[in-house]
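Take a look at the structure set out below.
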Amino acid sequence: MTTSRASQRMSRPDDARALRSREALRAALLALLEERPFHEITIRDITGRAGVSYPVFFRRYGSKEDLLEDIAADQVRRLLETTYPAMVPGQPEASLAQLCGYVEQHRALWKSLLTTAAAGAMRAEFARISQETGDTGPRMNSWLPVSLASRFVASGLFEILAWWLAQDEDYPVANVITLLRELIVQPMLVPRHVAMD
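So in my numbering, the last spot in the sequence shown is 184, and the numbers never skip.
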């Protein structure tokens, strides 16, 4: 993800009060996202719900989009930490079910993250964390560059989740698990002998 004003502010040492304010702002936006779309939420709504002053918001973030980007980075990390066990040989269904359960449990948030101004940040964060994971994890296909595989996995995961969240809420989770397994997990896990120049 590119360095934003929010991440620059976040890199400064924080005292306990600043950390509490940050968590209150994040929790407030998450709660508000359960009630209405991101574009209808104002900074005043966020600060009011968080119980912090308007200036406190701007000490931490430059805009509500910066706050959403901060939440997005945290959510992507949590999701990919859940997903990583699916990317090793064996039975990925349990990990994929956990991943889908997490997204479904936070459906309103994830729908906002994948379909609003945060989508670009989400995609970049997916790719960045996938690259980190790919650099340290086992490789089934040494001919496949990690940088390409991580982008492929991140993009595929991102697109499948965004597509799923655009469907009716009663769309079968089992189908999403199948899509993830067949389109993302299995192609990365099945050893292939490919000659590359």
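Cβ atoms here follow ideal geometry from the backbone N, Cα and C, with glycine treated the same way.
Pair within 7 Å by beta-carbon distance, A108 and E56:
yes
My guess is that L83 and R168 are in contact by the Cβ rule of under 8 Å, so how many angstroms apart are they, rounded?
6 Å
What are the complete alpha helix (DSSP H) segments, minimum 4 residues, inside the segment 14 to 74?
30 to 37, 41 to 47 and 51 to 70
Consult DSSP for M183 and reduce its assignment to one of helix, strand or coil.
coil
How is Y89 classed by DSSP in three states: helix, strand or coil?
helix
Which runs of the alpha helix (DSSP H), 4 residues or longer, sit entirely within the segment 120 to 171?
133 to 153 and 160 to 167
Proximity below 7 Å, CB of T29 to CB of F44:
no
Just reading off the alpha helix (DSSP H) that T102 is part of, what are its end residues?
R94 to T102
If I measure Cβ to Cβ from L6 and keep anything under 6 Å in the same chain, skipping five residues before and after, which residues do I get?
none
Per-residue DSSP class, three states only, for A105
coil
Using 7 Å as the threshold, is the C-beta distance between E21 and A114 below it?
no
Give the single residue among W130, D157, G49 and A37 whose Cα lies nearest to the Cα of H180.
W130
Kindly list the residues whose CB is nearer than 8 Å to the CB of T69, restricted to its own chain and excluding five residues on each side of it in sequence; keep chain order.
S82, Q85, L86 and Y89
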